[in-house]
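This report refers to the structure that appears directly beneath it.
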């Protein structure tokens, strides 16, 4: 539509703007959670994440230090208490202040509150105050002050620190390594089986080949829900039970149809000359496969590996049926997060951080290997 | 043994035994059973080549049959039996009849039906629109990559993301869910607990899947749009078609087969949808779907008969797509 857009610049602008809008809309949910994962529990509970980038007005109550201990008597019989509301630590700049809860922003910094009969209080922008009056007035408890200050936006890594390194039930490190333990064998093993089968289906002639391919296409869409009980029964009866071996085998079985289908389509498209020349030169089928077909099929192998990795990493159902037992020792991240959703439903700092720890690896894989992912999708779908 | 070590070991054993199997099986075939020498050299080579495909196929076929084909048969069997102490008892159609009498099942079926109507249609439509808009854009690839990103996020992660959007706090408290904040800002009287509102909550759950699947639809449709022959579009421009006519009357009809593929692929995802409902509402407040219903029956009420019957209902719904896919594949191979 180049030339049309060129003829109508207004349309080009509209297209650009609407794409910006759509991209923003699509990113918005993820950014919300990401921002929340860098805020403290108090911040999350007290304001929406979209306000996190703007300074907030916060009113707090302070008292001057105990007059009976810190007051100083001047020569004129006036008593004075001096100090800072922030102590030595310092704090945000005071924007307004007051001495009554009904009028918290009565004064500007540097102004003086007259509390009658000569008693007065002065508060500076940096939080230092001077409280003066006679002996009776400057006694008892410290004088109350209501100080409004602008808190600059603040982000913290504490959530990640406590989720990854902290103790307690929320810690996600164990689940992270369990997920990794599930994922790696479940990605590598099916590739080998599938590659040999795909080669046979693509380049060997034998009766029943077309039927087998149809069988695999059919298995592509069989819902894995059907496999849960029969396979769990099988695993229990042959002694695998619930555990890593079971989940690896299950993922291998469920991943095979797509693996064979993708690899066969790709291998069938390899140039016939190369393979026939090799056959003429006396190479065995095994040599042809390992020396020629496998290296040439690298893009398809990579595509499937990414699919299978993302799928096994993000999977919940297979893991909770075949792996996670009541001890919780073998919990995976998706399961861990679902549990947190139940027990820590309102603790968004925990949930957001856990979710992002679990997303970090797949997102990295996604952005680094997107080329192969797209290629695999196209090979599997465009007909 | 530490699981990580076990994993490394499994990869090692798995990979080396697979290689050993293929290598040794080939050697046995070529050197021992049918050696390519002596009087019958020619015949032996032919015989070895007839058996070899099955050697290559055997491990994969075995796994496929055990992990996908056998469970289908076994599920059929379980769905017509009842588990009794010590074994199984023929139950005929009882489990299926029990399903039809469970209002939760009808709710799940009805919801799955709505999911089927809404999610594939909207995901495909959004995907198509975005593919078209980004087609000739300079930064189109970056835009597409960002919209495609949710594809890498797990359903559970996406559920957490959207739960924050739908978050509800009682009236008077600061709303931290943007939906409620926006609702109040636009003049809504009271903050709403969105996920508990029957009808609407289903749609809110569907949004999560649409958000994920649109990127998939976009990537595939965008490739299909690129594949349209330039001449057809140029001819339409010469004939004075406006951009909308070109899109709807020239481009869309040409990529219709791809649109169908995207549609059916998302349909299959929708039929099996489980994680989102499990994580966000667990089927409460009228949001039950078939896969979660089945999970409930299998693992919470431990009723294998009804659970398997529910699984068969999912299989039945997938079946037309299965047949269509197989026919497409066979057509292609000819």
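Protein chains in written order, with my numbering: chain H, 1 to 383; chain U, 1001 to 1334.
Ideal Cβ positions, reconstructed from N, Cα and C, are used throughout, including at glycine.
For the segment 192 to 212 of chain H, residues whose beta-carbon sits nearer than 7 Å to a beta-carbon of chain U comprise 192, 193, 194, 196, 197, 199, 200, 204, 206, 210. Identification of chain U residues near residue 349 (chain H) by a Cβ-Cβ cut-off of 8 Å yields none; the smallest Cβ-Cβ distance measures about 11 Å. By the neighbour-count criterion, in which a residue is buried when 16 or more other Cβ atoms sit within 10 angstroms of its Cβ, residue 1101 (chain U) is exposed. Between residue 264 (chain H) and residue 218 (chain H) the beta-carbon gap is near 14 Å, outside 8 Å, which marks them as no contact. Nearest neighbour of residue 1081 (chain U) by Cα position, chosen from U:1315, U:1125, U:1307, turns out to be U:1307. Per DSSP, residue 112 (chain H) is one residue of the beta strand (DSSP E) stretching across 112 to 114. The three-state reading of DSSP puts residue 102 (chain H) in coil, since its state is none of H, G, I, E or B. With 16 or more other Cβ atoms from the protein chains shown falling within 10 Å of its own Cβ, residue 1288 (chain U) counts as buried. Remark: fewer than three beta-carbon pairs, one from each stretch, lie closer than 8 Å, so the segment 151 to 162 of chain H and the segment 111 to 119 of chain H are not flagged as touching.
Chain-ordered, the chain U residues with CB closer than 9 Å to the CB of residue 189 (chain H) read 1010, 1011, 1014, 1015, 1018. Pairing residue 1210 (chain U) with residue 1122 (chain U) gives a Cβ-Cβ distance under 7 Å.
Nearest to residue 1267 (chain U) by C-alpha distance, out of U:1084, U:1051, U:1117, is U:1117. Residue-level contact by beta carbon holds for residue 314 (chain H) and chain U, with a gap shorter than 7 Å. Of all residues in the segment 1065 to 1090 of chain U, the ones placed with a Cβ closer than 8 Å to any Cβ belonging to chain H are 1066, 1067, 1068, 1069, 1070, 1071, 1072, 1074, 1075, 1078, in chain order. One finds 1064, 1068 in chain U with Cβ atoms closer than 9 Å to the Cβ of residue 257 (chain H), taken in chain order. DSSP places residue 1204 (chain U) within a helical segment (H, G or I) once states are collapsed to three.
Going by C-alpha positions, residue 136 (chain H) is about 51 Å away from residue 350 (chain H).
Using a Cβ-Cβ distance cut-off of 8 Å, the segment 1156 to 1174 of chain U and the segment 330 to 348 of chain H are in contact, since at least three pairs of beta carbons, one from each stretch, lie closer than that value. According to DSSP, residue pairing for residue 60 (chain H) in a beta bridge involves H:147. Nearest C-alpha to residue 34 (chain H) among H:23, H:352, H:361: H:352. Chain order gives the chain U residues near residue 370 (chain H) as 1145, 1148, where near means a beta carbon separation below 8 Å. As the crow flies, the alpha-carbon of residue 40 (chain H) is around 20 Å from that of residue 1166 (chain U).
Within the segment 1215 to 1246 of chain U, the residues whose Cβ lies closer than 9 Å to any Cβ of chain H are, in chain order, 1215, 1216, 1219, 1220, 1223, 1224, 1227, 1233, 1234, 1237, 1242, 1243, 1246.
With at least 16 other beta carbons inside 10 angstroms of its own, residue 246 (chain H) counts as buried.
Here residue 1204 (chain U) is actually not in contact with residue 1276 (chain U); their C-beta atoms are around 10 Å apart, not less than 8 Å. Identification of residues in the segment 223 to 239 of chain H having a C-beta nearer than 7 Å to some C-beta of chain U yields 223, 225, 226, 227, 228, 229, 230, 231, given in sequence order.
Chain-ordered, the chain U residues with CB closer than 7 Å to the CB of residue 30 (chain H) read 1161.
Under the 7 Å criterion on CB atoms, residue 280 (chain H) is classed as non-interfacial with respect to chain U. Unbroken alpha helix (DSSP H) runs of no fewer than 4 residues, entirely contained in the segment 1075 to 1120 of chain U, are found at 1094 to 1100, following chain order. Residue 22 (chain H) belongs to the set of residues whose beta carbon lies under 7 Å from a beta carbon in chain U. Within chain U, 1154, 1156, 1157 have C-beta atoms less than 8 Å from the C-beta of residue 358 (chain H), given in sequence order.
By the rule that beta-carbons nearer than 7 Å mark a contact, residue 1025 (chain U) does not touch chain H. Residue 1043 (chain U) has a beta carbon lying at 7 Å or more from every beta carbon in chain H. A Cβ-Cβ contact shorter than 7 Å links residue 86 (chain H) with residue 127 (chain H). Per DSSP, the unbroken alpha helix (DSSP H) holding residue 70 (chain H) starts and ends at 67 to 70. DSSP lists H:84 as the bridge partner or partners of residue 128 (chain H).
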